[in-house]
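In our numbering, the protein residues as written are 66 to 274.
Don't be surprised by glycine CBs; every beta carbon is placed ideally from N, CA and C.
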């Protein structure tokens, strides 16, 4: 089976730790990640994660052939074309500016262009906003994108597994995103009314998958 291809856009909203955890999970799942970070995304990554140089080594702590990085200005990159087949795209975190641009049909950088391509090719697009409260314009933009086929996935971790650390909160959201991309992981994020939250493989086993 060929390796899955996922586009990951990181923009300038608070929530960079979610993106960093997700990136590492994708690489662990042997997914090839096409990574685009906007300038403000880089700034937030430095402020919230201490990653001053968001290279592959800076983000993962090691080299990886599973990550290809692109300039946010490279509108000639292969992920800007629908002819390059991917298995979906995630924008995590997604800033209000990026959300608005995609909802308006603008493709002014590689993140928004790749998002437009993902929609037009009827591939899975996950938008992960982390803003509160939301004003009417943002809500209407989310509705417009939802009607166009995108999934709106607010960065709102659950608490039924009684998280004790920030890492467990990050794992909840990163695991939910992996689920929505139909990718494997071993994070214990499942609701289990009979006891401890269960992992991805536990649920598959229980259902005989």
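Close-in-space but distant-in-sequence residues of the same chain around residue i (CB under 7 Å, 5 per side omitted)
i           : result
residue 129 : 92, 121
residue 145 : 175, 178, 179, 182
residue 172 : 178, 181
residue 76  : 103, 105, 106, 156, 158, 159, 160, 163, 176
N- and C-terminal bounds of the beta strand (DSSP E) containing residue i
i           : result
residue 114 : Segment 104-114 is the alpha helix (DSSP H) holding residue 114; no beta strand (DSSP E) there.
residue 191 : 190-194
residue 127 : Unbroken run through residue 127: none, as it is neither H nor E.
residue 248 : Taken as a continuous stretch (DSSP letters only), residue 248 belongs to no beta strand (DSSP E), as it is neither H nor E.
Environment of residue i [buried if 16+ CB atoms lie within 10 Å]
i           : result
residue 135 : buried
residue 221 : exposed
residue 99  : buried
residue 160 : buried
residue 180 : buried
residue 225 : exposed
residue 53  : Residue 53 cannot be examined here, being either before or after the span of the chain that is shown, 66 to 274.
residue 236 : buried
residue 138 : exposed
residue 163 : buried
residue 127 : exposed
residue 175 : buried
residue 250 : buried
residue 80  : buried
residue 241 : buried
residue 272 : Bear in mind that the predicted position of residue 272 carries a pLDDT of just 32, short of 50, making it too unreliable to give a figure here.
residue 208 : exposed
residue 167 : buried
residue 215 : buried
residue 66  : Note on residue 66: pLDDT 44, under 50, position unreliable in the model; the coordinate value appears next. Under this definition residue 66 is an exposed residue.
residue 169 : exposed
Chain C contact for residue i (CB, 8 Å cutoff)
i           : result
residue 164 : Chain labels in this structure do not include chain C; a single protein chain is all it has.
Sequence-distant residues of the same chain with beta carbon closer than 6 Å to residue i, five excluded per side
i           : result
residue 193 : 157, 158, 159, 218, 220
residue 246 : 153
residue 117 : 111
residue 101 : 74, 135, 137, 175, 176
residue 69  : 96, 152
residue 223 : 237
residue 248 : 94
residue 109 : 77, 81
Residues that DSSP places opposite residue i in a beta bridge
i           : result
residue 134 : 100
residue 72  : 99, 154
Segment limits, alpha helix (DSSP H) that includes residue i
i          : result
residue 87 : 81-93
Close Cβ partners of residue i (< 8 Å) along its chain, the five nearest in sequence each way excluded
i           : result
residue 196 : 78, 161, 203
residue 125 : 88, 89, 92, 132
* **Residue ranges of each beta strand (DSSP E) within the region 138-217, 3 or longer** => Considered as a whole, the region 138-217 harbours 154-159, 190-194 as its complete beta strand (DSSP E) runs of no fewer than 3 residues, in chain order.
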